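Participant:
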Amino acid sequence: MIVHVTDRDIICQIAYARIEGDMIVCAAYAHELPKYGVKVGLTNYAAAYCTGLLLACRLLNRFGMDKIYEGQVKVTGDEYNVESVDGQPGAFTYYLDAGLARTTTGNKVLGALKGAVDGGLSIPHSTKEFPGYDSESKEFNEEIHWKHIMGQNVADYMHYLMEEDEDAYKKQFS
0 MIVHVTDRDI ICQIAYARIE GDMIVCAAYA HELPKYGVKV GLTNYAAAYC TGLLLACRLL
60 NRFGMDKIYE GQVKVTGDEY NVESVDGQPG AFTYYLDAGL ARTTTGNKVL GALKGAVDGG
120 LSIPHSTKEF PGYDSESKEF NEEIHWKHIM GQNVADYMHY LMEEDEDAYK KQFS
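124 is the number that numbering that gives the first Met the number 0 gives to position 125 of the sequence shown; each next residue is one higher, with no gaps.
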């Protein structure tokens, strides 16, 4: 799974290598999200999650496996791993290709990974990578991660700026 974050878009792709070059099997872009009701904030963590989720849905639908591997039905922010179903084709297993992006805790690339995993793809990962992990206590708080997935952290910051500094609010969220 390739995730590329630009200034104005988030691109998620599933590809495989050939001698002639990489072949793209499926792709999803954040600029497609307004079709599904997400109008603003197309480059934040929540949009990255939605783009990864869209990629997983498209890929599973393309190969007719969307009924077998539904993924996580309710978003909780908690760890989720897809398991293969007996008597059915195995779950798609991919590895994250973040390119030159640093995969620090809470990076948008990891938001796309979480969306793809919740959508039904099998991608090796750890909760240490997601927002809500405290490196000092070595504990993961899924509520903080859920807030990032839902964009609640951005909404909280908007309310904070609105109360504290009206000019900064207008500049940031005009």
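No residue lacks a Cβ here, since even glycine has one placed at the ideal position from N, Cα and C.
The model shown is predicted, which means the values in this text are computed figures rather than measured ones.
Identify whether residue 133 lies in helix, strand or coil by the three-state DSSP scheme.
Facilitator: Your numbering for residue 133 matches position 134 in the sequence shown. In the structure shown, residue 133 sits in a strand (DSSP, three-state: E or B).
Participant: When burial is assigned at 16 or more other CB atoms within 10 Å of the CB, is residue 123 buried or exposed?
Facilitator: Residue numbering aside, residue 123 sits at position 124 when the sequence shown is read from its first letter. Exposed, by the Cβ-count rule.
Participant: For the putative contact between residue 47 and residue 114, defined by C-beta atoms under 8 Å, what is the C-beta separation to the nearest angstrom?
Facilitator: Stepping through the sequence shown from its first residue, residue 47 is reached at position 48. Stepping through the sequence shown from its first residue, residue 114 is reached at position 115. With 8 Å as the limit, residue 47 and residue 114 qualify as a contact, their Cβ atoms being about 7 Å apart.
Participant: With 16 as the cutoff for other CB atoms within 10 Å, does residue 130 come out buried or exposed?
Facilitator: By one-based count along the sequence shown, residue 130 stands at place 131. So residue 130 ends up on the buried side.
Participant: Whole beta strand (DSSP E) runs in the region 19 to 75 with 3 or more residues, listed along the chain?
Facilitator: Entirely contained in the region 19 to 75, the beta strand (DSSP E) runs reaching 3 residues are, in chain order, 22 to 28.
Participant: Residue 14 and residue 21 - do their beta-carbons sit closer together than 8 Å?
Facilitator: Here the question's residue 21 lines up with position 22 in the sequence shown. Here the question's residue 14 lines up with position 15 in the sequence shown. In this structure, residue 14 lies closer than 8 Å to residue 21 by Cβ.
Participant: By the three-class DSSP mapping on this structure, what secondary structure does residue 128 have?
Facilitator: Taking the first residue of the sequence shown as 1, we reach residue 128 at position 129. Looking at residue 128 - three-state DSSP - the assignment turns out to be helix.
Participant: How should residue 170 be labelled, buried or exposed, when 16 other C-beta atoms within 10 angstroms of its C-beta is the threshold for buried?
Facilitator: Here the question's residue 170 lines up with position 171 in the sequence shown. That one is exposed.
Participant: Starting from the N-terminal side, write out each stretch of the beta strand (DSSP E) that is 3 residues or longer and does not extend beyond the region 97 to 126.
Facilitator: You should have found no qualifying run.
Participant: Name the DSSP beta bridge partners of residue 92, please?
Facilitator: Here residue 92 is taken as the residue at index 93 of the sequence shown, counted from 1. Paired residue(s): 121.
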